[in-house]
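Residue numbers (the numbering used here): 402 to 1002.
In what follows, a single structure is set out as structure tokens and then discussed.
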Amino acid sequence: MTSIHAFHIPVMGLGFTVDSPLKVAKFGISSVVSIMDDHLLEDMRRLYSRERNIPYLPIEADTHDYRAERIRKYLDLLNDVVNQQIREIKNQPFSPGSSLYKYFDLLHPRHPLYLKFRKFLGLLESSEKTILEQELLNEVKAGYIDVNIMTKVDKINFDKQGNEMPRTFSDALSALRGFALSSLQSSVVFSAGMNPALYSYIEEFDDFFPDSSGKLKKKIILKVSDYRSALIQGRFLAKKGIWVSEFRIESGLNCGGHAFATEGMLIGPILEEFKREKANLSQILFSSCQHALEAKGKCPLPVGMMPKITYQGGIGSSEENEFLMTYYQLDGTGWGSPFLLVPEATSVDKDTLDRLIQAKNSDYFLSHASPLGVPFNNLRTSSGEEQRKTRIKKNRPGSPCYKKFLTFSTEFTEKAICTASRQYQDLKIKQFKSGNTSKAELEEVLEKDCLCEGLSAPAILNAGGTPRRNLNAVTICPGPNLAYFKGIFSLSEMVNHIYGKVQLNLQADRPHVFIKELQLYFDYLKKDIQKNLSDPSKKYEAYLKKFKSNLMGGIEYYQSLENQFSQEAGDVKNQFLLQLDQMKKDLEATIDADGLHISFS
């Protein structure tokens, strides 16, 4: 992150933020691009090259190392265009309506540059104003073009003769290579847990190690769900001399995309642990990393390096943002799903935008759509869901599997296939008809959707192109927080809402970010109990006790925060405490003290 803004736009899907840097980096706003789908990146490079009269030579699938090359070339294009945008902005006047004016006008009202900007505007022509103008221009910097690699998406690839290719040509490792060889000076965000082969491969690229001045050209950000995960992954990398520049904490359920639920550990206590252990975490990782760098003969890190700690997931108001930043001493926050309603920041086709605006709270749900087998936030009214159901009605369930990024199942075949594919689902139906699988298991399989096509289509559609093979159906994965935002917003409106300059009219029944996550975990627990109620094992009973204990501990922790709410938030505080009391009673009524008696009154 730059010091310009204290929020970032996280990765969303494959295509929703694929070109966000071209829209927001020129205003100092950092965003994250998924680099998992090289087909999409190649299509976007072609579309933007045509739009901007940039020479374009396609990188065909029979080219050596084509995946890494497609990724590298697209990232280089983003970098070149954003740098050009910054040069153009610096030549603009400080007049309302110009991008230069907007650059500073978007800043937090307490940001030193915003205050300097307001002072500059109030001055008459003078030498002082000329000096201030130059000082402001010197501070115009682009937001970071960060990239995301989902560590679990790491298929081993084969050549045309069917021979298994070397490990370095797997999906995740080749994506890392594409980023590492690009001209970007930014970060890769690793999400979905540790991948030892991928993390070890980082050592092959000098840009991830400090240069002679201690600077890292390319940095590592780990998206984590708790402190333990941060410590384990951070130490693994530090022992290799790789420094983690940021731990990006995300709510297990109050987020978009894949949901990696904890065992009832709520985000408040998790952030409290990071706050308490930050200095210790930094010391452990710094010491280990320095020793490894010395052993490798590499340049050392500058003394005093500390990883940034940020949070993303379900934030909806400036008050929540301010509380999280100040009380937990965060270095930044992430605002994702609300930006899906900001065409100036993300790529969502008009049809999907309309569906989001019309969607009810109940249309947002946690689904089995992902072939990864991880719960996936979904929208019931999306065109992707419509297409999936239509295929089932026509007795043609499943998707034609062209990209094959999520081919992990060898249940029926020697070579792995995707559980969302037509091939797999046909085989599953035959298994059901022969009496070898349950109806519930079959229905869960039929929920699987082709995320490769559905999550990339909106970017192509929004850029005025046509997705390959006319697969136009869009799968969208918003967090449940988006249900409370209604309308299409400008970039200025959303940023001003984050900073408290204006307040967007959200639905009145929107709960506090902490309460919403608690509600989501309670609903998640009830559904899990219903699924396992017929034959609960001793292991499951122990899991229930732990889950309930963690939720109860979280509720008591939130009750202890009563005095941390500002005086102006009296109504908010009262509502917050009332909802906590009710949730505590509901939890007690659902699972008794020994965790065995379960009811849903």
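Ideal Cβ placement from N, Cα and C applies to all residues, glycine included.
These numbers come from a predicted model, not from an experiment.
From this set, the options, which residue's C-alpha is nearest residue i's C-alpha?
i: L442; options: H409, G579, I490, D506; result: G579
i: A660; options: I557, H769, T808; result: H769
i: Y944; options: D929, K790, H465; result: D929
i: S450; options: A864, Q586, L847; result: A864
i: S738; options: T753, L767, C878; result: C878
i: Q691; options: K679, A680, M706, E678; result: M706
i: G657; options: L599, P411, A543, Q485; result: P411
i: E957; options: Q980, E894, Y545; result: Q980
i: Q793; options: S822, S763, A760; result: The question names Gln, but residue 793 is Ile in the sequence shown. Out of S822, S763, A760, S822 has the C-alpha closest to the C-alpha of I793.
i: V590; options: G714, L623, Y600; result: L623
i: T531; options: P494, K542, T552, H512; result: P494
i: F766; options: K620, L921, E845, N837; result: L921
i: C853; options: M895, R471, C819, Q535; result: C819
i: S893; options: K816, L617, L507; result: L507
i: F915; options: Y712, T753, L458, E812; result: Y712
i: K502; options: H512, L843, R519; result: Looking at the sequence itself, residue 502 is Tyr, so the reference to Lys does not match. Y502 has its Cα closest to that of R519, out of H512, L843, R519.
i: L537; options: L773, K805, I490, E461; result: I490
i: L682; options: P611, G653, Y628; result: Y628
i: K427; options: R911, N837, N484; result: N484
Apply the 10 Å Cβ neighbour rule to residue i and answer buried if 16 or more other Cβ atoms are within range, or exposed otherwise.
i: S404; result: exposed
i: Q389; result: Any question about residue 389 goes unanswered here, given that the chain covers just 402 to 1002.
i: R789; result: buried
i: M402; result: Low per-residue confidence applies at M402: pLDDT is 37, beneath 50, and the placement is therefore not dependable, though the value from the model is reported in the following sentence. That one is buried.
i: T814; result: exposed
i: V903; result: exposed
i: N964; result: exposed
i: E529; result: exposed
i: Q562; result: exposed
i: N779; result: buried
i: I643; result: buried
i: N722; result: buried
i: A746; result: buried
i: P701; result: exposed
i: D982; result: exposed
Using the three-state DSSP reduction, which class does residue i fall into: helix, strand or coil?
i: H512; result: coil
i: F977; result: helix
i: V434; result: strand
i: F766; result: strand
i: H1004; result: Because the chain in this structure spans residues 402 to 1002, residue 1004 falls outside the shown range and cannot be described.
i: N778; result: strand
i: I889; result: coil
i: I455; result: coil
i: K474; result: helix
i: K618; result: coil
i: I758; result: helix
i: S810; result: strand
i: S496; result: coil
i: M402; result: Note that M402 scores a pLDDT of 37, beneath 50, so its modelled location is shaky; the value from the coordinates is reported in the next line. M402: coil per DSSP, three-state reduction.
i: S822; result: strand
i: I490; result: helix
i: S800; result: strand
i: I992; result: strand
i: K985; result: helix
i: S1002; result: In this predicted model, S1002 has a pLDDT of only 42, less than 50, meaning its place in the structure is not dependable; the value taken from the coordinates is given anyway. Looking at S1002 - three-state DSSP - the assignment turns out to be coil, as it is neither helix nor strand.
i: A462; result: coil
i: I603; result: helix
i: S738; result: helix
Cβ atoms of residue j and residue i: under 8 angstroms apart, would you say?
i: K927; j: T991; result: yes
i: L861; j: D607; result: Checking the sequence shown, residue 861 turns out to be Ile, not Leu. It is not a contact, given that the beta carbons lie outside the stated cut-off.
i: E918; j: L667; result: yes
i: N596; j: V433; result: no
i: L1071; j: S583; result: The requested residue 1071 does not occur in the structure, where the chain is confined to residues 402 to 1002.
i: L741; j: M413; result: yes
i: A841; j: G855; result: no
i: A662; j: P776; result: yes
i: T552; j: A593; result: yes
i: P422; j: I621; result: no
i: V482; j: R453; result: yes
i: N882; j: G717; result: yes
For the ligand PLP, any of its heavy atoms closer than 7 angstroms to the Cβ of residue i?
i: G657; result: The ligand content of the structure shown is nil, which means the ligand PLP is not present either.
Run through the segment 622-668 for me and flag every whole beta strand (DSSP E) of 3 or more residues, listed as ranges in chain order.
-> Within the segment 622-668, the complete beta strand (DSSP E) runs of at least 3 residues are 645-651.
What are the uninterrupted segments assigned as beta strand (DSSP E) that are 3 or more residues long and contained completely in the segment 542-598, given in chain order?
-> Segments of the beta strand (DSSP E) lying fully in the segment 542-598: 546-551, 588-592.
Return the chain-ordered ranges of every alpha helix (DSSP H) run that is complete within the segment 825-877 and spans a minimum of 4 residues.
-> Listed in chain order, the complete alpha helix (DSSP H) runs (minimum 4 residues) inside the segment 825-877 are 840-847, 852-855, 858-863.
Quick one: which unbroken alpha helix (DSSP H) runs of 4-plus residues sit fully inside the segment 665-734? Chain order, please.
-> The alpha helix (DSSP H) runs lying completely inside the segment 665-734 and spanning 4 residues or more are 668-697, 719-728, given in chain order.
What are the start and end residues of each continuous alpha helix (DSSP H) run of 4 or more residues lying completely inside the segment 907-981, in chain order?
-> Qualifying alpha helix (DSSP H) stretches, in chain order: 914-933, 939-960.
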